[in-house]
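Q:
There are 2 protein chains.
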Amino acid sequence: MSRLPGRAPTAPPTLADVAERAGVSRQTVSNAVNNPDLLRADTLERVQLAIAELGYLPNRAARNLRTRASHLVGLRINAAQEGTANATMDRFVHSLVDASREAGYHVLLFTGDPLDPLTGYDDLLRSTAVDAFVVTDTYLGNPQASWLRERRAPFVAFGRPWDNPSATHPWVDVDGAAGCELATQHLLERGHRRIAWIGWRKDSWIGEDRRSGWHRAMKSRDLPTTGLASRVEDTVASGRGASEVLLDEAQPSAFVCASDTLAMGVLHTLADRGLVAGRDIAVVGFDDSQVAQVVRPGLTSVRQPLEEVAMEVVKGLEGLLGHPPAPGRGVLLTPTLAMRGSS
Amino acid sequence: MSRLPGRAPTAPPTLADVAERAGVSRQTVSNAVNNPDLLRADTLERVQLAIAELGYLPNRAARNLRTRASHLVGLRINAAQEGTANATMDRFVHSLVDASREAGYHVLLFTGDPLDPLTGYDDLLRSTAVDAFVVTDTYLGNPQASWLRERRAPFVAFGRPWDNPSATHPWVDVDGAAGCELATQHLLERGHRRIAWIGWRKDSWIGEDRRSGWHRAMKSRDLPTTGLASRVEDTVASGRGASEVLLDEAQPSAFVCASDTLAMGVLHTLADRGLVAGRDIAVVGFDDSQVAQVVRPGLTSVRQPLEEVAMEVVKGLEGLLGHPPAPGRGVLLTPTLAMRGSS
DNA sequence: CCTGACCTTTGGATCGATCCAGGCCGCCCG
DNA sequence: CGGGCGGCCTGGATCGATCCAAAGGTCAGG
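In order, the protein sequence lines correspond to chains R and U. Numbering-wise, my numbering comes out as the position in the first sequence, counting from 1, plus 440. Numbering-wise, my numbering comes out as the position in the second sequence, counting from 1, plus 440.
1. Taking the continuous alpha helix (DSSP H) assigned at Ile816 of chain R, which residues delimit it?
2. Considering only residues of the same chain and omitting the five flanking positions on each side of Gly647 of chain U, which have a CB-CB separation below 8 angstroms?
3. For Ile517 of chain U, which beta-bridge partners are listed by DSSP?
4. For Arg591 of chain U, I'd like the list of residues in its chain whose CB is within less than 7 angstroms of its CB, leaving aside the five on either flank, ordered along the chain.
5. Please list, in chain order, the residues of the stretch 700-731 of chain U that have any C-beta partner in chain R closer than 8 angstroms.
6. Are the C-beta of Asn504 of chain R and some C-beta of chain U separated by less than 7 angstroms?
7. Check each residue of the stretch 541-562 of chain R: if its Cβ is closer than 7 angstroms to any Cβ of chain U, include it; give the result in chain order.
8. So that I know if they touch, is there some Cβ in chain U lying closer than 7 angstroms to that of Ser606 of chain R?
9. Drop a sphere of 10 angstroms on the beta-carbon of Thr507 of chain U, count the other beta-carbons inside from all chains shown, and report buried for 16 or more, exposed for fewer.
10. Below 7 angstroms on C-beta distance, what does Thr568 of chain U contact in chain R?
11. With distances taken Cα to Cα, identify the nearest neighbour of Gly738 of chain R among R:His763, R:Ser678, R:Arg466, R:Asp728.
12. Does Asp538 of chain R get closer than 7 angstroms to chain U when you measure Cβ to Cβ?
13. Out of curiosity, what's the CA-to-CA distance linking Leu548 of chain U and Asn471 of chain U?
14. Where Ala539 of chain R and Asp482 of chain R are concerned, what is the direct C-alpha to C-alpha distance, given to the nearest angstrom?
15. Kindly indicate which three-state DSSP category His708 of chain R falls into: helix, strand or coil?
16. Can you list, in chain order, the residues of its chain whose CB lies under 6 angstroms from that of Arg443 of chain R, leaving out five sequence neighbours each side?
17. Under 8 angstroms: do the stretch 698-716 of chain R and the stretch 677-686 of chain R share three or more Cβ pairs, one atom per stretch?
18. Who are the neighbours of Ser683 of chain U on chain R, taking C-beta pairs under 8 angstroms?
19. Are there 16 or more other CB atoms within 10 angstroms of the CB of Pro664 of chain R, so buried, or fewer, so exposed?
20. Can you check whether the C-beta of Arg466 of chain R is within less than 7 angstroms of a C-beta belonging to chain U?
21. According to DSSP, is His626 of chain U helix, strand or coil?
22. Could you give the uninterrupted runs of the beta strand (DSSP E) lying entirely in the stretch 553-608 of chain U, keeping only those of 3 residues or more?
23. Could you have a look at Val487 of chain U and say whether DSSP puts it in helix, strand or coil?
24. In angstroms, rounded to a whole number, what distance separates the CA positions of Gly463 of chain R and Leu497 of chain R?
25. Give me, in chain order, the residues of the same chain whose beta-carbon lies closer than 7 angstroms to that of Pro445 of chain R; leave out the 5 immediate sequence neighbours on both sides.
26. Any idea what DSSP makes of Asp613 of chain R, helix, strand or coil?
27. Thinking C-beta only, is Gly560 of chain U closer than 7 angstroms to Phe573 of chain U?
28. Spell out a yes or no on whether the stretch 768-775 of chain U and the stretch 608-616 of chain U are touching, meaning 3 or more CB-CB pairs, one atom from each, closer than 8 angstroms.
29. Which residues in the same chain as Glu747 of chain U place their Cβ atom closer than 7 angstroms to its Cβ, once the five residues preceding and following it in sequence are excluded?
30. To the nearest angstrom, how far is it from the Cα of Gly781 of chain U to the Cα of Val696 of chain R?
31. Closer than 7 angstroms, Cβ to any Cβ of chain R: which residues of the stretch 734-747 of chain U, in chain order?
32. Looking at C-alpha atoms only, which residue of R:Arg719, R:Asp571, R:Ala711, R:Leu455 is the closest neighbour of Ser510 of chain R?
33. Skipping 5 residues on each side, what residues in its chain have a beta carbon closer than 7 angstroms to that of Ser652 of chain R?
34. Alpha carbons only, please: which of R:Val753, R:Pro765, R:His763 is nearest the one belonging to Gly599 of chain R?
35. Suppose contacts are defined by Cβ-Cβ distances below 7 angstroms. Is Ala543 of chain U in contact with Glu689 of chain U by that definition?
36. What residues match up with Cys697 of chain R in a beta bridge as DSSP calls it?
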């Protein structure tokens, strides 16, 4: 064959191979791929035929080198902390990979020291391995955001810039307050009046945001909230402890929780006391995790629209990486309520 | 500055920049990075200083182009099926990303049509976007394996080549039979004699493998197994149904299940009947999922050593991609038992 | 003092794509 | 009839690294 001399027989075909087969120049083949409308119709057809016959696909490395773009987005996943919001992350990753593919991007995963939110970003950036990042762990405050902005690294955040509302980077977030308001209203419609809140410690912006939804719903009906709220760590044991205290001291008929983990704690307390979730006491969680779906009698839970989040994130990326780059602002999405036996 | 003319001020430094600063040629810098022992000590030091001062890191695209390697491994994740083995996959992905990093690889995610196990692989391969694949969904049988081998694409499988024991590709798997044997023995030690099995339908190799562990343990003590086994779909409802029938017809005092999902079904049945898991009836699941950890009273479960699996997978990759490529064979790892209240 | 082997360093070619400037051709219009 | 213009296509240069062959220097041995 008329392949260049030193190529292994299994090496994928190159532009030059296609060009030779179609009887045109390399540049014409390149145009057929990237700017088809520059070619005369019959030439285009001839080139496309050759492409198809050879099974040609542009070599990524070469294209990346020349265009200074990798078509990869980096996503840092936290070292498996075996517990909390992992399930949410998992769903998000799936959605992101899907949404990215449609925009011509692939997702590159990396990890870093959980205590240092910056590890990993720098190397990928300096070696031009990715075009942009998707930043997810903004609940820590987000040093990444300002750090990345300083280096002019394009990124989109899943999570609001809580600590800096005037930040100008694009972000997408789910309205946790609206979600908890939805949950609380749902309970109000079912006739509950003393609805307790179990959330996270006060230094969590997300936790306070979600709490505000519960608070808003209660206030809209002039219902009391004092003594009905508790703020603890995000563990099953904490949820259990908090619900015991609340049951003893405030006699709520329902609980809204900042997470499914806490809600599981409530379910444990109820079972301990011979109370039936959904009949005696209602419980609503947050995240619609696996657990919520399989636990008895099914845990009603606020479900984040992660597929939409991923789509919006990708839109943000396209804006940043497009020509010309579009600035892009924040997007806030509203969650839904997955109803099950616990309410 | 003495940068090449048309470079943007934010562009990362190149080999040429470092070379100029250190007063050596490009090749010498390249050697400093890739073959330090070729340089005289003082030259090396000077070059390394320049590298550090400029914060130089080799451009990935350029290196990839020249070396015909991307240092990326592709991992296909199934379209979110929102349920079953997802949690396991999540843990595995984390571990794989970690293990890969230490070997200098990054993980590239992609998805495909869940019904067609081949979509996605081809494009990545032809565009030389990845060096190798990690294949996980071998429970479907593995058309990928033979397909990839045909195209001389390096890959390592997580999962045995059930349908073709003579396959020569490297693989890593967890000994499900040993896991279930462990679980059964644990129950035997606790005095149980009538131990029931709830597993998957007979066409699942993994399911039959796990079942054989239970069977082996029972037979080692000459205990009967007839009437004590059930094979159903992998859903909570199926587990519930199967356990109801078994309780009525075979009076087991314990259940070993092929998955945590099925075990959850058993827990539901017990609760329905006012029986207490762990006190009245023991239950053991498989996968040590999130659910097993938070459900009441804690579900004893077989835990796959996914961190080790990932390390072995990466070893396999290094073997395949090394010089010279090492053939590599199968590796079978033994799971452990995470004990909780249900047994 | 010369030769050859060895150690260190160098310049040019190369990977496979895209950018850029320019060439060819046919057509319109002065 | 000739210049100009737009449509289509081409060859050379380029992205930033590594491969390769060979140059310059040092040193031992003849």
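Think of the CB as a built atom: it goes at the ideal place given N, C-alpha and C, for glycine as much as any other residue.
A: Once the coordinates are examined:
1. Because chain R here runs from 441 to 783, residue 816 of chain R falls outside it and cannot be looked at.
2. These residues qualify, in order along the chain: Gly639, Trp640, Arg641, Arg671, Ala698.
3. Per the DSSP secondary-structure output, Ile517 of chain U pairs with nothing in a beta bridge.
4. Excluding residues within five positions, the ones whose Cβ falls inside 7 angstroms are Leu565.
5. Listed in sequence order: Thr701, Met704, Leu707, His708, Ala711, Ser729, Gln730, Val731.
6. By this cut-off, Asn504 of chain R is an interface position.
7. Within the stretch 541-562 of chain R, the residues whose Cβ lies closer than 7 angstroms to some Cβ of chain U are Arg541, His546, Val547, Leu548, Leu549, Phe550, Thr551, listed in chain order.
8. Using a CB distance cut-off of 7 angstroms, Ser606 of chain R does not count as an interface residue toward chain U.
9. Of the other Cβ atoms in all chains shown, fewer than 16 fall within 10 Å of the Cβ of Thr507 of chain U; this residue is therefore exposed.
10. For Thr568 of chain U, the C-beta contacts it makes with chain R under 7 angstroms involve Pro452, Asn499, Arg500, Ala501, in order along the chain.
11. Of the candidates R:His763, R:Ser678, R:Arg466, R:Asp728, the one whose C-alpha sits nearest the C-alpha of Gly738 of chain R is R:Asp728.
12. Any Cβ of chain U closer than 7 angstroms to the Cβ of Asp538 of chain R would place that residue at the interface, and such an atom is present.
13. Straight-line Cα distance between these residues: approximately 29 angstroms.
14. Distance from the CA of Ala539 of chain R to the CA of Asp482 of chain R, rounded to the nearest whole angstrom, comes to 35 angstroms.
15. When secondary structure is reduced to three states using DSSP, His708 of chain R falls in the helix class.
16. Note on Arg443 of chain R: pLDDT 43, under 50, position unreliable in the model; the coordinate value appears next. Here the set comprises nothing.
17. Yes: at least three Cβ pairs fall under 8 angstroms.
18. Neighbours of Ser683 of chain U in chain R, taken as residues at a C-beta separation under 8 angstroms, are lacking, since the least C-beta distance is about 13 angstroms.
19. Its Cβ having fewer than 16 others within 10 Å, Pro664 of chain R is exposed.
20. Not one beta carbon of chain U lies nearer than 7 angstroms to the beta carbon of Arg466 of chain R.
21. In the structure shown, His626 of chain U falls within a helical segment according to DSSP collapsed to helix, strand and coil.
22. Annotation: the stretch 553-608 of chain U contains the following complete segments of the beta strand (DSSP E) (minimum length 3 residues), in chain order: 572-575, 595-598.
23. Of the three classes helix, strand and coil, the one that applies to Val487 of chain U here is helix, per DSSP.
24. Computed Cα separation, rounded: 18 angstroms.
25. Confidence is the limiting factor: at Pro445 of chain R the pLDDT is only 45, short of 50, which leaves the residue's position unreliable, though a coordinate-based value still follows. Residues of the same chain with a CB within less than 7 angstroms of the CB of Pro445 of chain R, apart from the 5 flanking positions on each side, do not exist.
26. Three-state result, Asp613 of chain R: strand.
27. It is not a contact, given that the beta carbons lie outside the stated cut-off.
28. The stretch 768-775 of chain U vs the stretch 608-616 of chain U: in contact.
29. Ser535, listed in sequence order.
30. Gly781 of chain U and Val696 of chain R have their alpha carbons spaced roughly 27 angstroms apart.
31. Shown in chain order are the members of the stretch 734-747 of chain U whose Cβ falls below 7 angstroms from a Cβ of chain R: Val734, Val735, Arg736.
32. Among R:Arg719, R:Asp571, R:Ala711, R:Leu455, the Cα nearest to that of Ser510 of chain R belongs to R:Asp571.
33. The answer, listed in chain order, is Ala617.
34. For Gly599 of chain R, the nearest C-alpha among the options comes from R:Val753.
35. In this structure, Ala543 of chain U sits away from Glu689 of chain U, with a CB-CB distance that is not shorter than 7 angstroms.
36. Checking the DSSP bridge columns, you'll see Cys697 of chain R partnered with R:Ile638.
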